[in-house]
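Residue numbers (the working numbering): 2 to 201. The beta carbon of each residue, even a glycine, is placed where N, CA and C say it ideally should be. Down below is the structure, laid out as structure tokens.
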């Protein structure tokens, strides 16, 4: 069988270009996944290295959308919370460690921090906030990431149990629920006030 030479060169070029394209795409995907893991790991290296852990500066960790949701939550708490209530998504503990307290001197290494890529723009992190106390203080957080102009940012956090993550234990859902509860209570109080003031 005779091979038509005029088709061999274009076909070889097409196969070569396809191979290079696939290899480039796979390399890009692997780099993006590693960047996501590095973003979370590097943040926690810094966060766990300082005893006075503070909320990350605006634009450095959370997505713009999640920061706006948190800002709304803080604003609603400032205006609508009762004097005796703890209000604000992050008011009753350290959200980033999913804990109210941690072991004295806890740092990145002592916490046994590990992060792995968990699928499309997701990173699963695990660590222990009281390492000498055993597995009861093991924390699992799935970070849902979003690529913004400044790089990867956290768009949601799901708090896991035994490797299972559900939307019922998600940061966004909790914040939205608290915001809706505050607004509903304020509206109910407003209606009650109007009714009371309209009585003879």
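Where the alpha helix (DSSP H) through residue 72 begins and ends
65 to 81
Local Cβ density within 10 Å of residue 87, reported as buried at 16 or more and exposed below that:
exposed
Rounding to the nearest angstrom, what Cα-Cα distance links residue 181 and residue 56 in this structure?
23 Å
Is the region 103 to 111 touching the region 63 to 78, taking contact as three or more C-beta pairs under 8 Å?
no
Which one of 151, 145, 31 has the shortest CA to CA distance from residue 59?
151
One question on the structure: do residue 146 and residue 155 come within less than 8 Å of each other, judged by their Cβ atoms?
yes
Going by the DSSP bridge assignment, what does residue 142 pair with across the sheet?
126, 160
Best match in 127, 43, 131, 83 for proximity to residue 187 [C-alpha to C-alpha]:
83
Quick test of your reading: residue 157 and residue 171, contact by CB under 8 Å. State the CB separation rounded to the nearest angstrom.
6 Å
Return helix, strand or coil for residue 96, following the three-state DSSP convention.
coil
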